[in-house]
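Q: Protein chains in written order, with our numbering: chain A, 112 to 302; chain B, 112 to 302.
1) If we require 4 or more residues per run, which alpha helix (DSSP H) segments fall completely within the stretch 127-213 of chain B?
2) So, does the CB of residue 113 (chain A) fall closer than 7 angstroms to a CB anywhere in chain B?
3) Please work out which residues of its chain come closer than 7 angstroms, Cβ to Cβ, to residue 142 (chain B), disregarding the five sequence neighbours upstream and downstream, and give them in chain order.
4) Which residue's Cα is closest to the Cα of residue 235 (chain B): B:186, B:161, B:147, B:199?
5) Do we get a CB-CB distance below 7 angstroms when we pair residue 297 (chain B) with the residues of chain A?
6) Against chain B, does residue 301 (chain A) count as a neighbour if the rule is that its beta carbon must be under 7 angstroms from one of theirs?
7) Closest to residue 226 (chain A) by CA distance: which of A:168, A:181, A:270, A:194 is it?
8) Could you give the distance in angstroms between the alpha-carbon of residue 211 (chain A) and the alpha-carbon of residue 289 (chain A)?
9) Determine, using beta carbons only, whether residue 178 (chain B) comes closer than 7 angstroms to chain A.
10) Looking only at C-alpha atoms, which of A:198, A:292, A:280, A:270 sits nearest to residue 216 (chain A)?
11) Are the stretch 261-281 of chain B and the stretch 262-278 of chain A in contact at 8 angstroms, needing three or more beta carbon pairs?
12) For the alpha helix (DSSP H) holding residue 234 (chain B), just list the boundary residues, first then last.
13) Can you name, in chain order, every residue of its own chain whose Cβ lies under 6 angstroms from the Cβ of residue 263 (chain B), other than the five neighbours on each side?
14) Can you name the start and end residues of the alpha helix (DSSP H) that residue 272 (chain B) belongs to?
15) Is residue 261 (chain B) helix, strand or coil by DSSP?
16) Expressed to the nearest angstrom, what Euclidean distance is found between the alpha-carbon atoms of residue 175 (chain A) and residue 163 (chain A)?
17) Excluding the 5 residues flanking residue 237 (chain B) on each side, which residues of the same chain have their C-beta closer than 6 angstroms to its C-beta?
18) How would you write the range of the beta strand (DSSP E) that residue 223 (chain B) sits in, first residue to last?
19) Where does residue 249 (chain A) fall in DSSP's three states?
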């Protein structure tokens with residue numbers, strides 16, 4: 112990942128723009144919790160820039176990649192080793208899952224958030240078995256004043272869709288998700 | 112703290128603007144590591160907005176308050192209990208200390224950063240004895256593409272300046288500071 116303007120080497124701004132154009136066709140948008148995002152035909156993923164919503168956009172969301180907040184060293188080593196890159200030719204399907212967590216979550220101390228996230232919800236441990244099949248990039252949006260705290264982008268081959276659905280269902284049933292107050296699930300295919 | 116636009120309840124954007132006007136007189140600017148900020152007569156602290164550098168500004172820096180990243184529950188309870196608010200009448204002196212940490216810091220896992228920050232550098236433990244005297248607010252700037260990762264604002268009464276200098280010297284001598292690649296120390300008095 113290259114540096115963008117004054118951004119740190121691991122910080123990349125990304126704009127997700129839903130409109131009539133874009134490299135991804137939006138198949139469906141589901142409101143998991145809270146309001147849905149409006150239906151739109153296509154999505155562009157614009158790396159390196161935070162762009163405002165423009166005339167012709169149905170909606171747009173912005174986030175920045177950044178350092179991991181909860182993973183510990185053995186987990187990070189394992190994750191780095193098995194996480195596939197974005198842009199694989201076989202990964203013709205994608206999901207964009209914007210999430211907002213509650214004020215109660217953000218008021219927790221770091222050790223309390225880690226205990227919910229991993230010790231009790233097994234967010235990393237549950238995800239690891241899926242990772243060779245699912246590429247993933249997390250974007251932070253909370254400090255940008257965006258409507259969601261996180262935008263996670265996933266890319267996978269079509270035959271792994273049902274495994275991915277299992278992972279998402281497992282996480283949604285976890286204690287961590289009791290702190291999720293808004294979640295939308297956008298599914299896409301390469302256009 | 113009230114909510115600002117779409118920002119979460121604990122997220123407040125703040126602009127620090129150095130120019131010919133403002134409620135704080137800049138007494139001196141010291142480059143602790145890396146380049147200094149240009150000399151300017153006064154500083155405004157503008158809460159609730161991220162403003163671009165405008166004509167007439169010598170420089171401006173932007174950050175957002177956010178949740179604590181390293182404190183554990185017993186530390187948070189103690190910190191919340193003894194941290195004084197900003198704006199005390201007796202606190203006529205202030206410091207603005209912008210810091211940027213190295214890529215090596217941001218590449219660490221969470222447990223490694225915590226070990227450097229507190230287990231070995233005693234950042235929280237060393238700061239606690241000073242806290243009833245020094246009011247402090249941390250602003251995150253890394254995700255905003257700013258030249259610094261953090262902007263910390265301190266307010267204190269003039270008789271506590273030398274104690275504050277001791278605290279700052281203790282932190283600068285810690286292992287954590289080996290990851291600091293840029294630091295400026297701006298000292299101010301209420302105008």
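Virtual Cβ for every residue (Gly too), placed ideally from N, Cα, C.
Since we're looking at a predicted model, the values are computed, not measured.
A: Looking at the coordinates:
1) 184-193
2) Residue placement at residue 113 (chain A) is poorly supported in this model, since its pLDDT is 42, which falls under 50; the coordinates still yield a value, given next. No, residue 113 (chain A) lies away from the interface with chain B (no Cβ there is under 7 angstroms from its Cβ).
3) 295
4) B:186
5) no
6) no
7) A:181
8) 11 angstroms
9) yes
10) A:292
11) no
12) 234-238
13) 208, 249
14) 272-283
15) strand
16) 14 angstroms
17) 281
18) Per DSSP, residue 223 (chain B) belongs to no beta strand (DSSP E); it is in the alpha helix (DSSP H), 221-225.
19) strand
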